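Those letters in the sequence shown? Residues 22 to 158, by the working numbering. Read through the structure below, which is laid out as structure tokens, and then see the notes.
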Amino acid sequence: MVDPVRLLEQKGLKITPQRCAILNFLQQTTGHPTADQVAEYLNRDLPMTSRATVYNTLNTLRDVGLISEVTHEPGVLRYDANIGRHHHFICKTCGRLDDLDWEMFGKLPVEQITSQYGRVDQVEVIVRGICRECQPD
Ligand SMILES: [Zn+2]
Ligand SMILES: [Zn+2]
């Protein structure tokens, strides 16, 4: 895990308690929280933080590439501090979203897609299923 202060410095962003706290929270969770969940967490640490500040901060961090948005479910926007290439597993029952290692799918046919369909900007495999906790024993 990289120190949030260093990450912000690398991107030339001002160091604010909100930015540090949000980065820190996202780095520590693998649960891909929504903006509301981020705001809820932050209010325990920094009770004076408005929702608008949280949304603005998330947008700023996204714009410089320190976090990414995950938009696999309609109307749900989640945030991910894992900005390395990876895939996702989504549970249809509880909505839980887990990271899958990039290597799991071997070599993806990017060249073939490029020649057949056009330029590829991003590739990600979304696996939908039912997580172990939601499966009946
Ligand atoms: Zn589940
Ligand atoms: Zn992820």
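Positions of the beta carbon are idealized from the N, C-alpha and C atoms, including for glycine. From a predicted model like this one, the values you see are computed outputs, not experimental measurements.
Tyr76 and Glu94 have their alpha carbons spaced roughly 19 Å apart. In the same chain as Leu129, and ignoring 5 residues on each side of it, the C-beta atoms closer than 8 Å to its own belong to Val144 and Val146, in chain order. For Thr92, the enclosing beta strand (DSSP E) begins and ends at Ser89 to Glu94. Each of Pro157, His108, Leu28 and Arg140 was checked against the Cα of Met125, and the nearest Cα belongs to His108.
Annotation for Cys112: the continuous beta strand (DSSP E) segment containing it runs His107 to Cys112. Following the DSSP letters along the chain, one finds Ile43 inside the alpha helix (DSSP H) bounded by residues Pro38 to Gln49. Taking the Cα of Ala42 as reference, the smallest distance to any Cα among Gln31, Glu61, Gly33 and Gly52 is reached at Glu61. In the same chain as Asp120, and ignoring 5 residues on each side of it, the C-beta atoms closer than 7 Å to its own belong to Thr51, Asn103, His107 and His109, in chain order. Residue burial is scored here from C-beta neighbours: Arg40 has at least 16 other C-beta atoms within 10 angstroms and is therefore classed as buried. When the five nearest sequence neighbours on each side are left out, the beta carbons in the same chain lying within less than 6 Å of the beta carbon of Asn45 are those of Pro25, in order along the chain.
Take Val148, set aside five residues on each side of it, and the residues of its chain with a beta-carbon closer than 8 Å to its own are His108, His109, Phe110, Ile111 and Leu121, in chain order. With a beta-carbon spacing of about 7 Å, Thr81 and Leu34 fall inside the 8 Å limit used to define contacts.
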